[in-house]
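Colleague:
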Amino acid sequence: MTSRPFHHGNLRAVLLEQAEQVLREGGVDGLSLRELARRAGVSHGAPRSHFIDRQALLDALAEQGFDRLAEKVGAAIATPGSFEERFRRVGRAYVDFGVDDAALMELMFAAKSNHPTPALEAAAARLFDTLDGAMPARSGDLAEPGAPVGPGDSPAELRIRFKLLFAATMQGTATLITSSRITRAQGDTIVADAAAALLASDLGTRLLNPLSRPR
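When the sequence shown is numbered by my numbering, its final residue is 246 and no position is left out of the sequence of numbers.
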């Protein structure tokens with residue numbers, strides 16, 4: 032990645048560019064504000080005007096990652112095609128991001144981020160809001176007034192469960208590819224199979240047909 036020329040006002044963007052490059056080259060352990068300052072050609076203390084410490088830098092990187100993934104998902108949703116095609120495209124976009132930016136994806140969902148900043152929480156929420164566009168029409172808009180709802184069966188809860196299952200499946204597929212357990216082509220097949228299985232599952236069926244209930 033070629034860094035943009037530094038001038039007053041864009042140091043934060045330059046540092047984040049350099050941080051992503053370091054992340055790709057050596058993982059999160061190689062990231063330090065001092066090293067980024069050296070790469071950007073500024074004083075050691077300059078990065079602290081934008082990132083108070085290393086964790087603030089990691090949070091900003093993760094936030095940027097969520098926004099970028101949301102953009103890719105949004106672009107996949109916006110491409111014309113049937114609902115099933117769109118759903119598969121979203122799955123491929125998710126997996127492609129997880130493979131091409133594996134270290135960034137790992138950082139975004141790192142266990143050490145137990146106390147995310149409000150900005151990071153908002154970025155993660157934007158991703159899952161964007162994923163909502165790849166799903167069936169809101170079951171709350173389709174359900175018959177007064178239809179019985181069991182534990183965990185509310186339209187909002189069903190959608191949350193479906194999105195989490197989708198994300199877990201796609202991230203797992205990306206991990207299998209990056210660990211060389213499967214090829215990229217096999218990953219594409221898994222995405223298609225997983226999309227079909229998710230939509231045909233009890234959870235997917237209840238989203239597509241909100242009046243259906245397991246017997």
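Ideal Cβ placement from N, Cα and C applies to all residues, glycine included.
1. Please report the distance separating the alpha-carbon of Ala226 from that of Val130.
2. Just to confirm before moving on: does the CB-CB distance between Gly218 and Thr204 stay below 8 Å?
3. How is the alpha helix (DSSP H) around Phe97 delimited, first residue to last?
4. Given this structure, state the Cα-to-Cα distance separating Ala228 from Lys194, to the nearest angstrom.
5. By the three-class DSSP mapping on this structure, what secondary structure does Glu56 have?
6. Are Val121 and Val104 touching if we call contact CB-CB under 8 Å?
7. Counting only runs of 3+ residues fully inside the segment 60 to 84, write out the beta strand (DSSP E) ranges in chain order.
8. Once the 5 residues before and after Pro176 are set aside, which same chain residues still bring their CB inside 6 Å of it?
9. Are three or more beta carbon pairs between the segment 48 to 64 and the segment 86 to 97 nearer than 8 Å?
10. Can you round the beta-carbon distance between Leu100 and Leu158 to whole angstroms, since I take them to be within the 8 Å contact cut?
11. Could you tell me how far apart the beta carbons of Arg215 and Ile208 are, in whole angstroms, since I believe they sit closer than 8 Å?
12. Quick one, which of Asp84, Gly58, Glu51, Ile83 has its alpha-carbon nearest Arg70's?
13. Just how far apart, CA to CA, sit Ala87 and Asn240?
14. Less than 7 Å between C-beta atoms, sequence neighbours within five positions excluded: which residues of the same chain meet that for His81?
Modeller: By the coordinates alone:
1. For the pair Ala226 and Val130, the Cα-to-Cα distance works out to about 18 Å.
2. Yes. Within cutoff.
3. Residues 85 to 109.
4. Looking at the two C-alpha atoms, the distance is approximately 14 Å.
5. It is helical.
6. Val104 sits close to Val121, with the two beta carbons spaced by under 8 Å.
7. Runs of the beta strand (DSSP E) lying entirely within the segment 60 to 84 and spanning at least 3 residues: none are present.
8. Note that Pro176 scores 38 on pLDDT, short of 50, meaning its location in the model is unreliable and no value can be drawn from it.
9. The segment 48 to 64 vs the segment 86 to 97: in contact.
10. That pair is a contact at about 6 Å.
11. With 8 Å as the limit, Arg215 and Ile208 qualify as a contact, their Cβ atoms being about 6 Å apart.
12. It is Glu51 whose Cα lies nearest to the Cα of Arg70.
13. Ala87 and Asn240 have their C-alpha atoms some 44 Å from each other.
14. Same-chain partners within the cutoff: Leu42, Arg43, Leu46.
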